[in-house]
């Protein structure tokens, strides 16, 4: 059974010597407990530059998996201190990504919770920067 939730998402991207780019999004989504893990799903918007994409965070013991589908296909796995490779498939081509999580924290309950991810990202074997996600999940009544 899915629960409607309100998501407050803050993403901070730090690339080389550029100023950090911060994106904040408040949107509705769903949350459900499936096969021993929590799944939090929402639709991206023009604000994030990913309109037409559905994003799902799957929270399981020891890891968080971020899956995007629609105009963009991607799956990134976050396990603290472990590097994971994945393909980032866009309308105009595919990129090889490697993510290495420096911090994976979550505290999820039926009425909501929080997910914090800090990870380094490489694109086509070149260091691209550090990304910090902070999600606050609140069940709607």
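Residue numbers (my numbering): 7 to 147. Even for Gly, the Cβ is constructed at its ideal location relative to N, Cα and C.
Pair within 8 Å by beta-carbon distance, residue i and residue j
i	j	result
residue 148	residue 91	There is no way to answer for residue 148, as the model of the chain reaches only from 7 to 147.
residue 45	residue 62	yes
residue 2	residue 103	The structure shown has nothing for residue 2, since the chain only spans 7 to 147.
Spatial neighbours of residue i in its chain, beta-carbon cut-off 7 Å, leaving aside the 5 residues before and after
i	result
residue 20	26, 135, 136
Proximity to residue i [Cα-Cα], best of the options
i	options	result
residue 118	31, 39, 75, 23	39
residue 78	127, 96, 72, 84	96
residue 105	114, 98, 28, 72	72
residue 7	29, 59, 32, 37	37
residue 124	113, 55, 84	84
residue 116	94, 54, 43	43
residue 89	75, 107, 76	107
residue 145	132, 82, 18, 114	114
residue 111	69, 147, 80	69
Per-residue DSSP class, three states only, for residue i
i	result
residue 102	strand
residue 133	strand
residue 53	helix
residue 146	coil
residue 69	strand
residue 48	strand
residue 87	coil
residue 81	strand
residue 8	coil
Contacts around residue i, its chain only, beta-carbon distance under 6 Å, and the 5 residues preceding and following it disregarded
i	result
residue 94	80, 101, 103
Inter-stretch contact (C-beta, 8 Å, three-pair minimum) for the region 13 to 32 and the region 134 to 146: Short answer: they touch.
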